[in-house]
Structures are given as C-alpha cells and as structure tokens.
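Residue numbers (UniProt numbering), protein chains in the order written: chain P, 1 to 264; chain Z, 1 to 313.
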C-alpha cells in the first residue's frame, strides 16, 4: 500500500545547522498494516510522516501509495490518499469554523471544490450519526465553533475527519502526546477501533513503548533517519518494553534511551 | 456658542457623509475579506481603489455604458488582486510586501490609464449611476439608496459564495493553512482567489466614488487600507456581540464605514484642521488595533480562571 524507496532528506544543507533527518529510508507497508513507530528524539519519525504527506519535497528517493508515484505531488494533492492527525490538537481543525463545516471540508478531501453548497442537509444528518459514535456529546453541537472544544474533543474530531473517507493511508503523528492520560487512552482506543473497523493501513508514532507493543500488527524502530528494527506478527506480540530498550541501546551504540521513553 | 453654531451645519452635511461612508463601506468589505477571513493584510487596496476609479471614468468618457464601465473596473480590480496573489504565492514574497509592490506599480498604471493625474466626468453629459448632486433628493436615484442596494447585492453574493465548497475552502485557508492542505485544499490557489475577489470589490467601490464625486484622481486611494481597517474595527466594536451571522457581519463593516465618515464630518464641522485628518485616522486605528492586545496583556480576568480551576478540581 505504501512504499518508501531510498528516501533522504537533509534540512539546512550547507549551513552549520545541517541535519540529515532521513538517510536512505526504505519501508514497505502491506494493505491493512497497522504499524507503530518508535525512536528517540530526532530519529526521523515525524520527518518520515511529513515526507509521505508531502509537506516538502524529498532530496532523493521515491514514495508510492497504492502503486501511484506521489513523489512529485504537492501536499494537497496527496491528501486524496492520506488522512492525518497531528500532535498539536490545534493543527488538525479550523478553530474559527463550525464542527459540521470542518467535517464537510474533510468529506470533500480529494474532490474538486465547486460552487455547489458547502454542506447539505443530508450531510448534516450523516455527521450527527457519525459524531454519536464518538460518545462525546458533539452530535448536539454541530454548529459550535471548533475553537470551543477541548484538546481531546478536537483530536477525536480530527480523527473522524481523517478517516471518514476511508483513506488509503492514515498517519498518526503522536496524536495523543498533548492529552492528559485519561483522554489519551480514550483517543487511542478510538483510533484502534476506527482502524480495525475500516481496515485502514496506518502508521502511528508514539513515545509510549507499551502502546507501541499493544497496538497494531507491526512495530518499527527508527534511529538516525532510517529503520533499525522491524518486527511483526507473533514476535511483536511477545515483545516487552525491556526488549525494546535493549534493542535501542545496541542500535544506538550504547547510547541510553532518552528519558521520555523510559518514563513512559 | 460658536461650537453650537458650527454644529447646526452638521445635519446638512450628514447625507453626504452617509453616501461616502456607504461607498467606502464596499471597499471595507473587501478589506474584511482579506484581513479577517484570509488573515492577510493586503495593502494592494490603496492602488486598486484608484484603478477602479480611473478605469470607470475612462470607460465612461469613451462612451461606454455605465454598467459595462463598472464591470470593466471590477475586472481590473480582480487583476490587481491576482498580481498580488501571484507575487505572494508563486514568487514567495511576504503578503504585506507583495501588496506594497503592487500598490506602487499601480500608481504608474493608474496615471497611464488616465493620461494625467485626474480626470473629471460631467454628470450632465454622461449617464452616471450616482452623483453627489442628488444626495439630498427624495428619489430612487439618490446615491444613498443606490449604494445601499449595491451593498445589499454585494453582501448577498458574498454570503452565497462563502457558503459554497469553494468559499468554505477560502475560509479554511485563512483559519488554518496546515489543516487545509491536509484536507486537500490548494491554499495557494485560495489565497490568490481571495485577494482577487477582495480587490474586485475595492475597485467597484473606487468606480462608484469616482462617479459620485465626478472625477477620478491618482491619489484617491491613498490611505484606503486604513479607512477599511477603521470600518472593520468600528463595525466589530459596535456589533460583534449581536451580529453572528456572516451577512450581518459584512453589514456591520458597511455601517462601520458610515460611522467613520459621520465622525470625520463631525470633527471637521467642529473646526478640526482638515490637513491633520489622515493623522487622526491613523491614530484612531492604531489605538483600536492595540485595544485587544492590551486587554489580553493587562486586563486578564482572574475570575474566569478561578472558575475553570474549580471545574477541573
């Protein structure tokens, strides 16, 4: 479903701040794969997701989604294939617009935007039903501005927006990191349920090793811009946090895992 | 005593102030589209306002029908917005600078359109839509009535447009560009489109003003952005608590422009030096722009915070 072939990206090339974020990255996801991505700070996790989403062009390599070469497509063109949820709850929704308007914008992802009415009556009913599945009471607040919602509510809404068209690829970039533990668990459970129900090919970055083991059918660990550990199926289910920490220390040449990874 | 005698002149000057406010109100609605909806401070307006006036007057002088002249002026305004939009999105120039560049270039272009610094047009010889000569008449061709109708049409069309898929895309672009791109919205296209629509309105306003005052002048748009911002801010200050509907918000901008011109008229009537008017306008807008910032910085409300804490506990 997704193929990343030998992709590299260097930021601030030729300056003192030069940073090679992706270094000959290769990855192939099968249809229906739910991959959790872990790695230390600056390992290239978010950079990989941004490269796939097309936030900026990559320096070299190729990216294919469902067999289509999207390497030269811009961010908004690739959006036809991709649903995204971001770390910052503010990023995924338009705060000054209503809940139903945000959903209507997402419903038209990948379609031509014309002079037809921006949201129809039939859609409203459909959105009401859709919001009921979140169990957050948002179905009664269709015309409320999204800026009035809490971080957790906004992430849940963004998740709904990212998945309502059944994208070929779902990218979750630490989408629960900014939430309190209780809300984070709720959003994470919801994510797993939606992915499961729709058989979405998914990549989820997380700093929580337990979550990385618990969710999905495959786990990859990144270090210095490429993948250093890739495990799936039964072997992945049997993993323990201590295994991952050990792997990480070997891969990084004895360098200790960062505090956030150990604490979580 | 002297002040009272001067104030007695005010009622006679009010119709003119209202008409001017209404005409500039259409320009202010254009400013509202960029400043509030697209979240871009577009300085093209100082130039495109004059372009609208110049094009309209020259078309009329060449014998064109008044409606056709208005249409050509609107298209010229559309083109000016297009230029600023492309300077910003295609050439990567910051929006404010892109607007300044277009505005500067338009000064020359406006001069070239008119052939000299100003062109007058005689209301007796040409079939003008509005003229200040009729501002105190009780008739349909009174400019106040005509411009109210024009404003209503403009607001109606904008209300429809910003409810369409395309219009919603522009609003999303202004609200959150990153989210818009993630939802497949071509933000660059929308910025160009928004700037074009905005400057089309500005040019329409300039075209109406040139008819109203009977001439177009190369300097007629100077400071237009400040008047536009003043109208937006006054409109919001007065009506933001009661007007939530988009059409009413646009109407409040128009009313803001009328209030602005009535206040200016009042100040002038009281004997204020007309040469200092632009200084006064700039000062008033500066203070009003600072108020929300000061409110947040020096007058944060601890009461509300305590409530939230109690809720969270």
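We treat Cβ as the ideally placed atom computed from N, Cα and C, and that holds for glycine.
| Check | Outcome |
| --- | --- |
| In chain order, what residues of the same chain lie with their CB nearer than 7 Å to the CB of residue 9 (chain P), ignoring the 5 residues before and after it? | 21, 22, 47, 51, 58, 59 |
| Which residue from P:216, P:251, P:240 puts its Cα closest to that of residue 32 (chain P)? | P:216 |
| Quick check on residue 247 (chain Z) - is its C-beta less than 7 Å from some C-beta in chain P? | no |
| Cβ of residue 17 (chain P) within 6 Å of any heavy atom in the ligand NAD? | In terms of ligand content, the structure shown is empty, and the ligand NAD therefore cannot be addressed. |
| Counting contacts by CB-CB distance shorter than 7 Å, is residue 175 (chain P) in contact with chain A? | As a matter of chain content, chain A is missing from the structure shown, whose protein chains are P and Z. |
| On a Cα-Cα basis, can you pick out the residue from Z:49, Z:17, Z:61, Z:145 that is closest to residue 28 (chain Z)? | Z:49 |
| According to DSSP, is residue 180 (chain P) helix, strand or coil? | coil |
| Using a cut-off of 8 Å between C-beta atoms, extract the partners of residue 92 (chain P) located in chain Z. | 179, 182 |
| Using a Cβ-Cβ distance under 7 Å, would residue 172 (chain Z) count as near chain P? | yes |
| Taking 7 Å as the CB-CB limit, is residue 164 (chain P) close to chain Z? | no |
| For the alpha helix (DSSP H) containing residue 132 (chain P), name the first residue and the last one. | 121-132 |
| Does the beta-carbon of residue 260 (chain Z) have 16 or more other beta-carbons within 10 angstroms, so that it is buried, or is it exposed? | buried |
| Please determine, among P:183, P:208, P:77, P:174, the residue with the shortest C-alpha to C-alpha distance to residue 92 (chain P). | P:174 |
| Under three-state DSSP, which class holds residue 64 (chain Z)? | coil |
| Quick check: what's the CA-CA separation for residue 94 (chain P) versus residue 100 (chain P)? | 11 Å |
| Short of 9 Å Cβ to Cβ, which residues in the stretch 114-125 of chain P face chain Z? | 114, 115, 116, 117, 118, 119 |
| With a floor of 4 residues, list each alpha helix (DSSP H) that falls wholly inside the stretch 187-230 of chain Z, ordered by position along the chain. | 187-213 |
| Just to confirm before moving on: does the CB-CB distance between residue 205 (chain P) and residue 45 (chain P) stay below 7 Å? | yes |
| Find the residues of chain Z that neighbour residue 96 (chain P), judging by a C-beta separation of less than 7 Å, and give them in chain order. | 175 |
| Check the Cβ-Cβ distances between residue 185 (chain Z) and every residue of chain P, and say whether any is below 7 Å. | yes |
| Should residue 158 (chain Z) be flagged as near chain P, meaning a C-beta pair shorter than 7 Å? | no |
| Relative to the C-alpha of residue 144 (chain Z), which candidate in Z:253, Z:208, Z:263, Z:59 has its C-alpha closest? | Z:208 |
| What's the gap between the Cα of residue 7 (chain Z) and the Cα of residue 272 (chain Z)? | 13 Å |
| Could you tell me the alpha carbon to alpha carbon distance between residue 234 (chain Z) and residue 285 (chain Z), rounded to whole angstroms? | 9 Å |
| Within its chain, find whatever has a CB closer than 8 Å to the CB of residue 75 (chain P); leave out the 5 residues flanking it on each side and keep chain order. | 53, 54, 55 |
| How about residue 102 (chain Z) and residue 44 (chain Z): are their beta carbons less than 7 Å apart? | yes |
| Determine which residues of the stretch 71-90 of chain Z have a Cβ less than 8 Å from any Cβ of chain P, and write them out in chain order. | none |
| Report back the beta-carbon spacing between residue 250 (chain P) and residue 169 (chain P) to the nearest angstrom; my notes put them in contact at under 8 Å. | Between residue 169 (chain P) and residue 250 (chain P) the Cβ distance is about 31 Å, and since that is not below 8 Å, they are no contact. |
| Does the Cβ of residue 19 (chain Z) have 16 or more other Cβ atoms within 10 Å, making it buried, or fewer, making it exposed? | buried |
| Helix, strand or coil for residue 129 (chain Z), going by three-state DSSP, please let me know. | coil |
| Who pairs with residue 60 (chain P) in a beta bridge, going by DSSP? | P:8 |
| Would you tell me roughly how many angstroms separate the C-alpha atoms of residue 109 (chain P) and residue 79 (chain P), rounded to the nearest one? | 7 Å |
| Measure the beta-carbon distance from residue 203 (chain P) to residue 239 (chain P) and round it to whole angstroms, keeping in mind my assumption that it falls under 8 Å. | The pair is not a contact, with the Cβ atoms about 18 Å apart (cut-off 8 Å). |
| Pick from P:243, P:241, P:233: whose alpha carbon is nearest that of residue 34 (chain P)? | P:233 |
| Are the beta-carbon atoms of residue 54 (chain Z) and residue 113 (chain Z) separated by less than 7 Å? | yes |
| Go ahead and pull the three-state DSSP assignment for residue 74 (chain P). | coil |
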